[in-house]
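One structure below.
Numbering (UniProt numbering), first residue to last: 1 to 131.
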């Protein structure tokens, strides 16, 4: 279905590694753009990545905070696809980009945007000492 990777950056003051971005790899043509919402789990197994790792060369889209919300009953967050499509259409027109939706293989989400949507930290991504 999809694979999760979390990118960690070194904190500039104390040097601890902090999660900054979540990469959700679907694969080419695997994102169902006809859905109104894609729900994703709050906890998941993932590959830890840092600046030392090689990043795959795939077409990605950044999911913005305003395109996400907390599921009303389950421990999941949703991505509201109509907002993503609207933004992509505007960006594509403005930049004259040549990609198609089928080319998008991966979503990138800032960890703090997910935490804001969920209204709580994703504690399993951090070292216990951080809390």
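Note that beta-carbon positions come from the ideal geometry of N, C-alpha and C, so glycine has one too.
For this session: Pick out whichever of 5, 115 and 105 has its Cα sitting closest to the Cα of residue 51.
Result: 5
Exercise. Do you know offhand how far residue 37's Cα is from residue 14's?
Worked result: Residue 14 has its alpha-carbon roughly 38 Å from the corresponding atom of residue 37.
For this session: Measure the alpha-carbon distance for residue 96 versus residue 12 and round it to whole angstroms.
Result: 37 Å
For this session: Count the other CB atoms, across all protein chains shown, that sit within 10 Å of the CB of residue 19; report buried if there are 16 or more and exposed otherwise.
Result: buried
Problem set entry | For residue 117, the nearest candidate out of 66, 82 and 59 (CA to CA) | The option with the nearest alpha carbon to residue 117 is 66.
For this session: Determine the closest residue to residue 24 out of 79, 74 and 35, with distance taken between C-alpha atoms.
Result: 79
For this session: Kindly indicate which residue of 111, 106, 110 and 119 has the alpha-carbon position closest to the one of residue 30.
Result: 106
Exercise. According to the neighbour-count rule (16 or more other Cβ atoms, all chains shown, within 10 Å of its Cβ), is residue 1 buried or exposed?
Worked result: exposed
For this session: Could you please give the first and the last residue of the uninterrupted beta strand (DSSP E) stretch that includes residue 19?
Result: 17-25
Exercise. Going straight from the alpha carbon of residue 9 to that of residue 108, what length do you get?
Worked result: 15 Å
Problem set entry | Beta-carbon separation (whole angstroms), residue 114 vs residue 22, contact threshold 8 Å | Between the beta-carbon of residue 114 and that of residue 22 there is about 7 Å, and that keeps the pair under the 8 Å contact cut.
For this session: Have a look at 71, 44, 84 and 35 and flag the residue whose alpha-carbon is nearest the alpha-carbon of residue 62.
Result: 84
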